[in-house]
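Note sheet for the following structure.
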């Protein structure tokens, strides 16, 4: 039987764990509010530029941009956005499962994959898998540096323009609310009506000043950069929400474990008292008989 001292040590250990998880939960709540506000403030720009691209794609363009060309797929690229830290439940695991499934799906038809990684967790997983990593960015923080992110995005865009990569996807966790965050993999390039909203059968063209090539190059690049940056903000907000839930669950489990250990402690203590009383009675009886 477990001794009272061992049970008390376990209770003390679980109480300390509960204090830590509760503190981490409160920190996650505070950070989640800030990251959620930052993520929501970025959504209008991402949505507006998506609508602009939607209208441009539907137009009768004289300049056929490489981002609009559907090529035979010989190689794909995936931008994977994960967290730098753990303790956020199955947030990263669910995302990685979907990414690995897509990589394996293309590998079956002999189409290799290049990766751009954001976050330490994705780096540790896909480096161990032996994936071809073009670039990696870690320690993003709650407010990532846009310029640092764009450097990595440009690497895969240049590979696409050189026709070394024929299709680009982005994988991240989309923030819906504090209780719901889901992994998503969407196609970034080539741009098509399938990927965009408000599809219309109408055809029109625009007047460009100074020239269509310069404007479309800048516009399409800004669109890709905005989608990647917004995806990172979504993932950061999802991380804090998932960590808050995970730490709350851990705190509740610690509280339940403490109750269980206290019950065991009381039973063992009662058993020890009963045994001591039995020994005293037996000793007293032996003395009286003598």
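In our numbering, the protein residues as written are 5 to 294.
Ideal Cβ placement from N, Cα and C applies to all residues, glycine included.
Asked                                                                                                                                 : Found
Neighbour-count burial assignment, residue 7, 16 or more Cβ in a 10 Å radius                                                          : exposed
Inter-residue spacing [alpha-carbon to alpha-carbon] between residue 240 and residue 105                                              : 23 Å
Which listed residue (13, 136, 28 and 87) has its alpha carbon closest to that of residue 111                                         : 136
8 Å contact criterion, which residue 99 and residue 177 should meet: CB distance rounded                                              : 6 Å
Contacts around residue 16, its chain only, beta-carbon distance under 7 Å, and the 5 residues preceding and following it disregarded : none
Simplified DSSP state of residue 167, which is helix, strand or coil                                                                  : coil
Alpha helix (DSSP H) segments (min. 4 residues) lying fully within the region 119 to 171                                              : 124 to 132 and 150 to 165
Cut-off 8 Å between Cβ atoms - residues of its own chain near residue 273, not counting five sequence neighbours on either side       : 8
Beta-carbon spacing of residue 244, residue 39 below 8 Å                                                                              : yes
Cβ pair count under 8 Å reaching 3, the region 29 to 36 against the region 258 to 265                                                 : no
Nonlocal neighbours in the same chain, by C-beta distance under 6 Å from residue 28, ignoring five residues either side               : 251
For residue 174, the nearest candidate out of 193, 166, 163 and 168 (CA to CA)                                                        : 193
Stretch pair the region 127 to 141 + the region 149 to 158: three plus CB contacts closer than 8 Å                                    : yes
Cβ pair residue 79, residue 168 closer than 8 Å                                                                                       : yes
Buried or exposed by the 16-neighbour rule on C-beta atoms within 10 Å, applied to residue 48                                         : exposed
Residue 284, DSSP secondary structure in three states                                                                                 : helix
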